[in-house]
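In our numbering, the protein residues as written are 31 to 348.
Think of the CB as a built atom: it goes at the ideal place given N, C-alpha and C, for glycine as much as any other residue.
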Amino acid sequence: MSAATPDILLPDHAEAGPRDGVLKPVGAVLVMGGGIAGVQSALDLAEQGYYVYLVENSPAIGGTMAMLDKTFPTNDCSMCILSPKLVEAERHLNIELITYADVISLEGEPGRFKARIRKRARSIDPDKCVGCGACVENCLVQNQIHLPHDGDIRVVLPEQSEELQILDDILQRHNFDSANLIAMLLEINERFRYLSEPHLNYVSLRTQIPLSQIYHVATFYSAFSLTPRGKHEIKVCMGTTCHLMGAPRILEEICGILNVEPGQTTRDGLFTVETVNCLGQCAFAPAIAIDHHHFSMERGRCREVIDQFVQSHAQVPA
């Protein structure tokens, strides 16, 4: 870990002492806080000819606005408004960004003071940073995952269990290669209908892939689920055509029959209901899909179609 940067003292931008009994104006301004208000203030002052020190406590400017979706009153995308200002502030010749820093003290009087700022260690060279994010992905602290001991995993997955044997077979088919992580997770997800915590721990242990990286993949793709899924997945299309043809009423009817909400699984583990943006079946709107079967659905047919899958499941020998 690199050492903390020593305190810095902002330079005095005006000559000391009065002239004709009046202090000469200071040509620099300190703006504390790099949110939208601080950034806009810095830009306005910089355009008036002042040299601006923009100090932000966090590693990056943007503040809370960068986390918002829409902004009042025009409902514009917050990043569409904020991004150009962030770029302009970083490139403006009259603005000096001091991020990941704290203001320690202010000395002087209003209109003429000196600020002492402490910059915290950042372990990178800001002059070489291009914002690629590679340092975050490869951070040693972030990837230092404390995996359960081998014995702990064996308690959850007994050594001679069929479940453990299935996992080993899947991993072995892919040579325990980290490059095949997605393929391995797809097989496990298809076999068990979800990715459980013991499954992911075991994959990490056998492949030596950081658990954080495995969770990063498992939570990014919608093909994976971290909660148990039903034997049959009911997908209700909510695209424009299906929506206009009554998809919301179809969804309401199906959820009422199964007594679940969208995204939930029935208590018997037979059905999971979810919505999708498009099934590619606009000519048959409103459309639903159960597993790999597509249906042009009417509200009165929902129970009939669901009962077909219930009966087919009951006829399968245990």
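{"Item": "Kindly identify the DSSP beta-bridge partner or partners of Thr101.", "Value": "Asp106"}
{"Item": "With a threshold of 8 Å, are at least 3 pairs of Cβ atoms found where one atom belongs to the segment 110-124 and the other to the segment 73-92?", "Value": "yes"}
{"Item": "Could you tell me if Gly299 is buried or exposed, where buried requires 16 or more neighbouring beta carbons within 10 angstroms of its beta carbon?", "Value": "exposed"}
{"Item": "Among Met214, Gly161 and Thr257, which residue has its Cα nearest to the Cα of Thr237?", "Value": "Met214"}
{"Item": "With a CB to CB cut of under 7 Å and the five nearest residues on each side skipped, what residues in its chain are close to Arg333?", "Value": "Ile287"}
{"Item": "If we require 4 or more residues per run, which alpha helix (DSSP H) segments fall completely within the segment 281-339?", "Value": "none"}
{"Item": "Assuming Ile336 and Val303 are in contact, meaning their beta carbons sit under 8 Å apart, how far apart are those beta carbons, in whole angstroms?", "Value": "Their Cβ separation, rounded to whole angstroms, is 10 Å, which puts Ile336 and Val303 out of contact at 8 Å."}
{"Item": "Opposite Ser135 in the DSSP bridges: which residues?", "Value": "Arg146"}
{"Item": "I need the boundaries of the alpha helix (DSSP H) containing His246, first residue and last residue.", "Value": "Leu241 to Phe250"}
{"Item": "Apply the 10 Å Cβ neighbour rule to Ile154 and answer buried if 16 or more other Cβ atoms are within range, or exposed otherwise.", "Value": "exposed"}
{"Item": "Buried or exposed, going by whether 16 or more other CB atoms sit within 10 Å of the CB of Tyr251?", "Value": "exposed"}
{"Item": "For Asn168, count neighbouring Cβ atoms within 10 angstroms of its own Cβ and tell me buried if that reaches 16, exposed if not.", "Value": "exposed"}
{"Item": "Note the first and the last residue of the continuous alpha helix (DSSP H) segment covering Cys169.", "Value": "Cys169 -> no alpha helix (DSSP H), and no H or E assigned at all."}
{"Item": "Answer with buried or exposed for Met275, where buried requires no fewer than 16 other C-beta atoms within 10 angstroms of its C-beta.", "Value": "buried"}
{"Item": "With DSSP as the reference, label Val160 as helix, strand or coil.", "Value": "coil"}
{"Item": "Mind checking who Lys261 pairs with in its DSSP beta bridge?", "Value": "BP columns for Lys261 are empty, so no partner."}
{"Item": "Since Leu350 is in the beta strand (DSSP E), which residue starts that stretch and which ends it?", "Value": "Because the chain in this structure spans residues 31 to 348, residue 350 falls outside the shown range and cannot be described."}
{"Item": "Taking just the CA atoms, how far does Arg259 sit from Arg329?", "Value": "24 Å"}
{"Item": "How is Gln174 classed by DSSP in three states: helix, strand or coil?", "Value": "Summary for Gln174: the model assigns pLDDT 48, below 50, so the residue's position carries little reliability; its value from the coordinates is reported in the next sentence. In this structure, Gln174 counts as coil in the three-state DSSP scheme."}
{"Item": "Ends of the alpha helix (DSSP H) at Met62?", "Value": "From DSSP, Met62 is part of no alpha helix (DSSP H) but of the beta strand (DSSP E) over Ala58 to Met62."}
{"Item": "Going by alpha carbons, who is nearest to Val59 out of Ala96, Arg142, His204 and Tyr130?", "Value": "Arg142"}
{"Item": "Considering Tyr83, what are the terminal residues of the beta strand (DSSP E) in which it resides?", "Value": "Tyr81 to Val85"}
{"Item": "Leaving out five residues on either side along the sequence, give the residues of the same chain with a beta carbon under 7 Å from the beta carbon of Ser208.", "Value": "Thr237 and Ile239"}
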